[in-house]
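Just add 136 to wherever you are in the sequence shown, counting from 1, and you've got the numbering used here.
Where is the CB? At the ideal position from N, CA and C, for every residue including glycine.
For clarity, every value in this text was computed on a predicted model and none was experimentally measured.
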Amino acid sequence: MKRILVTGAGGPAGINFVMSLKIAPEKIFIVGSEANEYFVHLAPVDKKYLVPEASNHKYIDELNKIIEKEKAEFVHAQPDVEVATISENREKLKAKVFLPAKETIRICQDKLKSAEKWKENNVPVAKYLELQDEEDVNKALKELGTPLWIRARHGAGGRGSTLAQNEETALSWIKYWK
137 MKRILVTGAG
147 GPAGINFVMS
157 LKIAPEKIFI
167 VGSEANEYFV
177 HLAPVDKKYL
187 VPEASNHKYI
197 DELNKIIEKE
207 KAEFVHAQPD
217 VEVATISENR
227 EKLKAKVFLP
237 AKETIRICQD
247 KLKSAEKWKE
257 NNVPVAKYLE
267 LQDEEDVNKA
277 LKELGTPLWI
287 RARHGAGGRG
297 STLAQNEETA
307 LSWIKYWK
């Protein structure tokens with residue numbers, strides 16, 4: 137029987153991935169790790185572990201302890217913050233990971249870099265500008281008009297997204313999310 141460690145197993149994406157594995161014809165022993173103490177009980181896995189957040193220096197060591205104890209052969213990373221940490225530390229893990237190159241992960245997790253890469257490769261993208269301050273907002277209003285769709289460069293689930301109908305809203309939103 138294959139043995140897999142799914143990180144973020146109690147969050148929505150982790151749960152969906154685990155449920156997909158459960159309908160596979162092959163029997164898989166699924167170990168789940170979760171950094172959110174309120175989500176760990178939600179993980180529909182065979183064995184679950186509460187782990188430190190991915191930003192914690194002990195995170196990779198804790199995953200390795202689980203990998204060794206549960207004899208996990210493969211690590212599937214969820215959510216994005218854990219994908220980033222696992223990608224950057226993949227050679228330290230004691231199980232296989234199947235991820236794109238580190239630089240690809242970095243680009244995919246940065247909305248501005250993604251848009252730039254797509255544009256470079258002739259993939260149609262919406263007009264965009266990086267907004268950091270009042271000067272950038274004024275430039276965007278002149279070049280793009282209103283409304284402006286503002287979003288954070290990093291994060292999932294629409295983090296930092298809003299529709300700004302005017303300069304005041306745009307500036308307030310940028311200051312709030314900095």
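Reduced DSSP category for residue i - H, G, I as helix; E, B as strand; rest coil
i: Lys184; result: strand
i: Leu267; result: coil
i: Val261; result: coil
i: Leu141; result: strand
i: Val176; result: helix
i: Val211; result: strand
i: Lys232; result: strand
i: Lys314; result: coil
i: Thr240; result: helix
i: Lys194; result: coil
i: Thr221; result: helix
i: Glu88; result: Since the displayed the chain opens at 137 and closes at 314, residue 88 lies outside it and no answer follows.
i: Asp246; result: coil
i: Ala251; result: helix
i: Ala171; result: coil
Burial state of residue i (16 or more Cβ within 10 Å)
i: Gln301; result: exposed
i: Ser191; result: exposed
i: Val187; result: buried
i: Val259; result: exposed
i: Gly281; result: exposed
i: Val217; result: buried
i: Leu267; result: buried
i: Glu304; result: exposed
i: His212; result: buried
i: Tyr312; result: exposed
i: Tyr174; result: exposed
i: Ser169; result: buried
Pair within 9 Å by beta-carbon distance, residue i and residue j
i: Ile159; j: Lys138; result: no
i: Trp285; j: Gly296; result: no
i: Val273; j: Ala251; result: no
i: Lys183; j: Ile166; result: yes
i: Leu199; j: Leu235; result: no
i: Ile95; j: Ser223; result: A query on residue 95 cannot be resolved here, the shown segment of the chain reaching from 137 to 314 and no further.
Whole-number beta carbon distance between residue j and residue i, since they are thought to touch under 8 Å
i: Gln214; j: Gly147; result: 7 Å
i: Ala231; j: Ile203; result: 5 Å
Min CB distance residue i to chain C below 9 Å
i: Ile196; result: The chain labelled as chain C is not found in the depicted structure, where only one protein chain is given.
Enumerated in chain order, which unbroken segments of the alpha helix (DSSP H) with a length of 4 residues or greater are wholly contained in the stretch 143-169? 148-158
Output the residue ranges of the beta strand (DSSP E) runs that lie fully inside the stretch 284-311 and measure 3 residues or longer, sorted by chain position. 284-286, 298-300
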